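Protein chains: 2
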Amino acid sequence: MGGPLKMSGKKSPNGSRSDQEGTAEARRAPMREFSRSLPMSLLRAREAVMRQFRPSLRNHGLTEQQWRILRALTAVDTIEVTELARVAFLLGPSLSRILRDLEARDLIERRTAKADLRRGEVSISSKGLKLIEAVAPTSEAIYAEITHRFGARKLAELQDMLGELERSLAAMEVAGEGEAEADE
Amino acid sequence: MGGPLKMSGKKSPNGSRSDQEGTAEARRAPMREFSRSLPMSLLRAREAVMRQFRPSLRNHGLTEQQWRILRALTAVDTIEVTELARVAFLLGPSLSRILRDLEARDLIERRTAKADLRRGEVSISSKGLKLIEAVAPTSEAIYAEITHRFGARKLAELQDMLGELERSLAAMEVAGEGEAEADE
DNA sequence: CCGGAGAACTTAACATGTTAAGCAAATTTC
DNA sequence: GAAATTTGCTTAACATGTTAAGTTCTCCGG
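Respectively, the protein sequence lines represent chains L and V.
Residue 184, in this note's numbering, is where the first sequence stops; the numbers in between run on with no holes.
Residue 368, in this note's numbering, is where the second sequence stops; the numbers in between run on with no holes.
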């Protein structure tokens, strides 16, 4: 978020802005261009990508998350809820709600494991599979277009970097989990 | 949540998995490795980053979005709601709600423009400014740590690529806005 | 066995994402 | 210059994100 990397701040008055900004920047913390922080960059990039897919999914009555779930289910025969949450990258509560709805729409099937009654086993239904097959072509076409526009090589490179970023931070322990932070 | 995932092991009969997966993959569409799609990569990367900031923000009673708004407000004297939405990358309705809450907490001030009664002008309050100043140090430290772990050079490179991706897709018109999709 | 600790979800509660309406003020059109 | 249109928000409604509790069911030590 706050991403300032170079608060060194060029003092030079911002040439042609509506002068209020110059005033504000002068008397306030010269934090770095907020919009260039890593979180914002990632957010905007992802939105730019998802913006391409949402209309198509919407036309088929699916949200992004529902699609992720169905999509993940096509790769397995059955999967436990916790595993599915990990794969589809959804928090338990969200998944719980979505599965309830998808089941009501007969897009998935669910049953409890016989070995452990706490666990639920989920699988896609034939109706769900048909839906996936109906959406997939458009989805693939969009993905191909994105790849073409950005460049396959660069895309692969970007994904490598994203993976590296993930791994870099995986080990980074999260600060002040519950305290009120030393100062202030 | 989420994290490494290693389901579906290509076509090769997955040596040690519970064999159901292999079966599923064999009889179903061999779609792209779901977890390696660009949207998922971006989502996981962003989550890995935000995971570092949320606890600190939470300790100060702020959500990620509220922080974005206050953060954006420190860069200007006043700003119109629509402009703020653009800068903080929030949709109008979300912003509308959040501003209502932030105003109730006296973290921001709002008034209508005299020239155009439809427009609202927002600015951060002294209380809001104090809050920002209280959070900023921790936030900056986390950002610095992330930069250190991933590498300043690579970080800059990553952000360049993200910006490029954004620009690549900016011109890409969104398909089938409202139709039911030719077929497929 | 039995009771407590832990695991696997599910519910609850509140905040935001997302699309569609609603509304009042400003602008355009005829 | 009044009606039609557009603009700048705000509401509404529904889905998901996020954290805390609650509910069953397992498992484990005594």
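Don't be surprised by glycine CBs; every beta carbon is placed ideally from N, CA and C.
The structure presented is a predicted model; accordingly, all values stated were derived computationally and were not measured.
For L/S96, does the count of other Cβ atoms within 10 angstroms reach 16, so buried, or fall short, so exposed? For the purposes of this step, residue 96 of chain L is taken as the residue at position 96 of the first sequence. By the 10 Å Cβ count, L/S96 comes out exposed.
Helix, strand or coil: how does DSSP classify L/E185 here? Any answer about residue 185 of chain L is impossible in this case: the structure gives chain L only from 1 up to 184.
Do V/L227 and V/L315 have their CB atoms nearer than 8 Å? Taking the second sequence and counting its residues from 1, one reaches residue 227 of chain V at position 43. Taking the second sequence and counting its residues from 1, one reaches residue 315 of chain V at position 131. In this structure, V/L315 does not lie closer than 8 Å to V/L227 by Cβ.
Using Cβ-Cβ distances below 9 Å, what residues of the stretch 153 to 166 of chain L are close to chain V? Listed by position, the residues of the stretch 153 to 166 of chain L near chain V (Cβ gap below 9 Å) are K154, L155, E157, L158, Q159, M161, L162, G163, E164, L165, E166.
Nearest-angstrom Cα separation, counted from L/I108 out to L/I79: Walking along the first sequence from the start, residue 79 of chain L turns up at place 79. Walking along the first sequence from the start, residue 108 of chain L turns up at place 108. Roughly 11 Å between the two C-alpha positions.
Sort L/R100, L/A72, L/E166 by Cα distance to V/E217 and report the nearest one. Position 33 of the second sequence, counted from the start, is the residue given in the question as residue 217 of chain V. The residue with the shortest Cα to Cα distance from V/E217 is L/A72.
Determine, using beta carbons only, whether V/S278 and V/Q250 come nearer to each other than 8 Å. Numbered from 1 along the second sequence, position 94 holds the residue referred to as residue 278 of chain V. Numbered from 1 along the second sequence, position 66 holds the residue referred to as residue 250 of chain V. Not in contact: V/S278 and V/Q250 (Cβ atoms no closer than 8 Å).
Mind the definition here: the stretch 123 to 143 of chain L touches the stretch 331 to 344 of chain V only if three or more C-beta pairs lie below 8 Å; say whether that holds. Under the three-pair Cβ rule at 8 Å, the stretch 123 to 143 of chain L does not count as touching the stretch 331 to 344 of chain V.
Could you compute how far the alpha carbon of V/A299 sits from the alpha carbon of V/E305? Here the question's residue 299 of chain V lines up with position 115 in the second sequence. Here the question's residue 305 of chain V lines up with position 121 in the second sequence. When only Cα atoms are considered, V/A299 and V/E305 end up about 11 Å apart.
Based on Cα-Cα distance, which residue from L/Q52, L/S56, L/R54, L/A45 lies nearest to L/Q159? Working through the first sequence from its first residue, we reach residue 159 of chain L at position 159. Nearest option by C-alpha distance: L/A45.
Excluding sequence positions up to five away, which residues of its chain have a Cβ less than 7 Å from the Cβ of V/H244? For the purposes of this step, residue 244 of chain V is identified with residue 60 of the second sequence, where counting begins at 1. Same-chain partners within the cutoff: L315, A318, V319.
Just checking: is the beta-carbon of L/S41 within a distance shorter than 8 Å of some beta-carbon in chain V? For the purposes of this step, residue 41 of chain L is taken as residue 41 along the first sequence, with counting starting at 1. Interface residue, yes.
Going by DSSP, what residue range makes up the alpha helix (DSSP H) through V/T331? By 1-based counting over the second sequence, the position of residue 331 of chain V is 147. For V/T331, the enclosing alpha helix (DSSP H) starts and ends at 310 to 334.
Assign V/L283 to buried or exposed, taking buried as 16 or more other Cβ atoms, counted over all protein chains shown, within 10 Å of its Cβ. Start at 1 with the first residue of the second sequence, and residue 283 of chain V comes out as number 99. Classification for V/L283: buried.
Closer than 8 Å, CB to CB, is L/I98 near chain V or not? Taking the first sequence and counting its residues from 1, the one referred to as residue 98 of chain L is at position 98. Judged by the 8 Å Cβ criterion, L/I98 is not in contact with chain V.
Do we get a CB-CB distance below 8 Å when we pair V/A229 with the residues of chain L? Position 45 of the second sequence, counting from 1, holds the residue named residue 229 of chain V. Interface residue, yes.
In angstroms, rounded to a whole number, what distance separates the CA positions of V/M237 and V/S323? The residue given as residue 237 of chain V occupies position 53 in the second sequence. The residue given as residue 323 of chain V occupies position 139 in the second sequence. Sequence check: residue 237 of chain V is Phe here, not Met. In a straight line, the C-alpha of V/F237 is about 7 Å away from that of V/S323.
Taking DSSP as the reference, what is the three-state secondary structure of L/S18? Mapped onto the first sequence, residue 18 of chain L falls at position 18. Per-residue confidence for L/S18 stands at a pLDDT of 38, beneath the threshold of 50, marking its modelled position as unreliable; the derived number appears in the next sentence. DSSP, read as helix, strand or coil, puts L/S18 in coil.
Keeping to the same chain, check which residues put their C-beta closer than 6 Å to that of L/E25; ignore five residues upstream and five downstream. The residue given as residue 25 of chain L occupies position 25 in the first sequence. Residue confidence for L/E25 is low, a pLDDT of 45 falling below 50, so the modelled location carries little weight and cannot support an answer.
Is there at least one Cβ from chain L nearer than 8 Å to V/I330's Cβ? Translated into the one-based positions of the second sequence, residue 330 of chain V becomes position 146. Yes, because at least one Cβ of chain L sits closer than 8 Å to the Cβ of V/I330.
Please give the ranges of any alpha helix (DSSP H) in the stretch 48 to 94 of chain L, keeping only runs that are unbroken, at least 4 residues long and fully inside the region. As for any alpha helix (DSSP H) of minimum length 4 sitting wholly inside the stretch 48 to 94 of chain L, the runs are 64 to 73, 81 to 88, ordered along the chain.
For a test of the three-state rule: what should DSSP assign to L/E164, helix, strand or coil? Position 164 of the first sequence, counting from 1, holds the residue named residue 164 of chain L. Here L/E164 sits in helix by DSSP.
Determine, using beta carbons only, whether L/S126 comes closer than 8 Å to chain V. Within the first sequence, residue 126 of chain L is the residue found at index 126, counting from 1. Chain V, which has no Cβ nearer than 8 Å to the Cβ of L/S126, makes this no.
Output needed for L/D77: all residues of its chain with C-beta closer than 8 Å, excluding positions within five of it in sequence on either side, in chain order. Stepping through the first sequence from its first residue, residue 77 of chain L is reached at position 77. For L/D77, where only same-chain residues beyond five positions count, the Cβ hits under 8 Å are S123.
Measure the beta-carbon distance from V/R294 to V/E287 and round it to whole angstroms, keeping in mind my assumption that it falls under 8 Å. Taking the second sequence and counting its residues from 1, one reaches residue 294 of chain V at position 110. Taking the second sequence and counting its residues from 1, one reaches residue 287 of chain V at position 103. About 6 Å separates the two Cβ atoms, so the contact holds.
Taking only beta-carbon atoms, is L/M172 less than 8 Å away from chain V? Taking the first sequence and counting its residues from 1, the one referred to as residue 172 of chain L is at position 172. At least one chain V Cβ lies under 8 Å of L/M172.
Could you work out which residues of chain V lie near L/R118, taking near to mean beta carbons separated by less than 8 Å? Within the first sequence, the letter at position 118 stands for residue 118 of chain L. Using a Cβ-Cβ cut-off of 8 Å, L/R118 is close to nothing in chain V; its nearest Cβ partner there is about 19 Å away.
If I follow the unbroken beta strand (DSSP E) through L/E109, where does it start and stop? Start at 1 with the first residue of the first sequence, and residue 109 of chain L comes out as number 109. For L/E109, the enclosing beta strand (DSSP E) begins and ends at 108 to 112.
Within-8 Å CB hit, V/A256 to chain L: As a working mapping, residue 256 of chain V is identified with position 72 in the second sequence. With 8 Å as the cut-off, V/A256 counts as an interface residue toward chain L.
For my contact list, V/L353 and L/A48 are in at a C-beta cut-off of 8 Å; report their separation, rounded to the angstrom. Along the second sequence, one-based indexing puts residue 353 of chain V at 169. Along the first sequence, one-based indexing puts residue 48 of chain L at 48. Indeed they touch by this definition, with Cβ atoms about 4 Å apart.
L/L162 beta carbon less than 8 Å from that of V/S225: As a position in the second sequence, residue 225 of chain V is number 41, starting the count at 1. As a position in the first sequence, residue 162 of chain L is number 162, starting the count at 1. Going by C-beta atoms, V/S225 is nearer than 8 Å to L/L162.
Between the CA atoms of V/L313 and L/A141 - distance to the nearest angstrom: Residue 141 of chain L sits at position 141 when you count from the first residue of the first sequence. Residue 313 of chain V sits at position 129 when you count from the first residue of the second sequence. Approximately 47 Å between the Cα atoms of the pair.
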